[in-house]
Every structure is written in C-alpha cells, then in structure tokens.
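Residue numbers (our numbering): 111 to 243.
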C-alpha cells in the first residue's frame, strides 16, 4: 500500500478550508476528553484551586443548555466558520416563517457529513439564506 499526499500546489484558501474542517472534527471528537484530562490533572496537582473554581462554575451553570445557552456574537462571527462553510458549499432555503417566540426541535439524519450542514445552518451567520418566490 502506498500513501499519497496532497499536492503542494493546492491554493492557500483550500488549505484554510481543510484546516477549519479539521478544527471542527477535533473539537467534536476529542475536545471533551482533553478538557476532562486537563481538569483531572489540575485537580490532582498544585492547581487544585482552579479545578475547584471550575467545578463551582460547572455547578452554577448546569442548566444553561436547557435555557438556550449564552450566544457569543464574537464566536459566531469567527472567520473560521466562513472557511468551514466554503469547504461544504451550503445554502439554506427558507420555505416557511417560524415564530421566534417558540422552541423548535430539528432532526437531522443520517449522521456523518450531513451533520455539518446542520451545525453551520443553526449555529453561525456564515451561510446564505434564500427565500423561494
């Protein structure tokens, strides 16, 4: 078996798009485990007070996801999401108006690459929304 690497003449924009997708994949698959390991290491070291403060914050903040969380306009406007979007060209087609005072549950199946469009279309302002005539 032979390993073939990407050619060196790939444009920088495409490399940044790939890096943005890899960043999201790492965050999705490994960030929780890395944070848990860091918490345990801090709790068992001289930094235990930081782990204790974080545990207190975790306890105070436990219900935030069920109440809608705290949106960060800074994070939602990161340039990385534009590169992420451009890797998977995506357009959201609005077919009906939704009442902003109500809560909605959206199901996206099958999982895999299709979950990326769900993430981009519901979490960030980096996609194009079109309304059919």
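By construction, the Cβ of each residue, glycine as well, lies at the ideal position given by its N, Cα and C atoms. Given the structure is predicted, the values throughout are model-derived calculations rather than measurements.
Using 10 angstroms around the beta-carbon of residue i, count the other beta-carbons present and answer buried if the total reaches 16, otherwise exposed.
| i | result |
| --- | --- |
| residue 214 | exposed |
| residue 230 | buried |
| residue 143 | exposed |
| residue 125 | exposed |
| residue 147 | exposed |
| residue 165 | exposed |
According to DSSP, is residue i helix, strand or coil?
| i | result |
| --- | --- |
| residue 113 | coil |
| residue 170 | helix |
| residue 123 | helix |
| residue 198 | coil |
| residue 193 | helix |
| residue 216 | coil |
| residue 188 | coil |
| residue 175 | helix |
| residue 137 | helix |
| residue 208 | coil |
| residue 157 | coil |
Please check if any C-beta of chain B sits within less than 7 angstroms of the C-beta of residue i.
| i | result |
| --- | --- |
| residue 213 | You won't find chain B in this structure, because it holds only one protein chain. |
Rounded C-beta distance between residue i and residue j? I'm assuming under 8 angstroms.
| i | j | result |
| --- | --- | --- |
| residue 130 | residue 197 | 7 angstroms |
| residue 180 | residue 174 | 7 angstroms |
Is it the case that the CB of residue i approaches a heavy atom of the ligand SAH more closely than 6 angstroms?
| i | result |
| --- | --- |
| residue 164 | As presented, the structure is devoid of all ligands, the ligand SAH included, so that no description of it is given. |
**contact_flag[the stretch 130-144, the stretch 202-214] where n(CB pairs < 8 angstroms) is 3 or more** = no
**Message:** Is it the case that the stretch 116-133 contacts the stretch 193-204, given that we only count it when at least three CB pairs across the two stretches are under 8 angstroms?
**Reply:** yes
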